[in-house]
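The opening position of the sequence shown corresponds to residue 206 in this note's numbering, with each subsequent residue numbered one higher. C-beta atoms are modelled at their ideal positions from N, C-alpha and C, and glycine is treated no differently. Have a look at the structure below before the remarks.
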Amino acid sequence: MTNKETSNDILIAHIIKGIEEVKGNDIDILDLREIENTVCDYFIICNGTSNTQVNAIVNSIQKTVSKSLKDKPWHIEGSDNAEWVLMDYVNVVVHVFQKHIREFYDIESLWGDAKVTSIETNY
Numbered sequence: 206m207t208n209k210e211t212s213n214d215i216l217i218a219h220i221i222k223g224i225e226e227v228k229g230n231d232i233d234i235l236d237l238r239e240i241e242n243t244v245c246d247y248f249i250i251c252n253g254t255s256n257t258q259v260n261a262i263v264n265s266i267q268k269t270v271s272k273s274l275k276d277k278p279w280h281i282e283g284s285d286n287a288e289w290v291l292m293d294y295v296n297v298v299v300h301v302f303q304k305h306i307r308e309f310y311d312i313e314s315l316w317g318d319a320k321v322t323s324i325e326t327n328y
């Protein structure tokens, strides 16, 4: 395993931990590495039940990754209305949706060739 893959795996683990800390729902990891011309290696997609929870998920991810890995997102978009927040960690892009917005855009279908891993939660 290369260092890039190892660091991606560690980053993903901490992002998932941040999502789970505030009970984010329906967590999926889309592996985009086998698809040509993608902007990153992975998408992590989850949803919250309100704009308050979406912002809490985003803040929890930032705090967890920053504290553990001393890393911060290159860019964050959508925090103002918190219906769909995108967090860009360069090789890993996190999409935090409100449930109805996630269903409307259905980005999992747009990336249908990606290998999808769903994370089971116990809450």
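**Study point:** Helix, strand or coil at Ser314 according to DSSP, with G and I counted as helix
**Key:** In the sequence shown, counting from the first residue as 1, residue 314 sits at position 109. The answer is helix: DSSP assigns Ser314 an H, G or I state.
Check your understanding: Excluding the five sequence neighbours on either side, which residues of its own chain have a C-beta within less than 8 angstroms of the C-beta of Leu216, listed in chain order?
Key -> Against the sequence shown, residue 216 aligns to sequence position 11. Correct list, in chain order: Val270, Leu274, Asp276, Tyr294, Asn296, Val297.
Point to revise | Whole runs of the alpha helix (DSSP H) within the region 254-287, excluding any shorter than 4 residues | key: Within the region 254-287, the complete alpha helix (DSSP H) segments at least 4 residues long are 256-274, listed from N- to C-terminus.
Check your understanding: Since Asp233 is in the beta strand (DSSP E), which residue starts that stretch and which ends it?
Key -> Mapped onto the sequence shown, residue 233 falls at position 28. Segment 230-236, the beta strand (DSSP E) holding Asp233.
Practice item. Inspect the beta-carbon positions of Val301 and Cys251 and report whether they are closer than 8 angstroms. Key: Numbered from its first residue, the sequence shown carries residue 301 at position 96. Numbered from its first residue, the sequence shown carries residue 251 at position 46. Contact flag set, yes.
Point to revise | His219, buried or exposed, once every other Cβ within 10 Å from all chains shown has been counted against 16 | key: By 1-based counting over the sequence shown, the position of residue 219 is 14. With 16 or more other Cβ atoms within 10 Å, it is buried.
Review point. Is it true that the CB of Ala287 sits closer than 8 angstroms to the CB of Asp236?
Key: Here residue 236 corresponds to residue number 31 of the sequence shown, with the count starting at 1. Here residue 287 corresponds to residue number 82 of the sequence shown, with the count starting at 1. For Asp236 and Ala287, no; Cβs fall outside 8 angstroms.
Exercise for review: Would you list the residues sitting across from Asp293 in a DSSP beta bridge?
Suggested key: Residue numbering aside, residue 293 sits at position 88 when the sequence shown is read from its first letter. In the DSSP secondary-structure assignment, Asp293 is bridged to His280, Val298.
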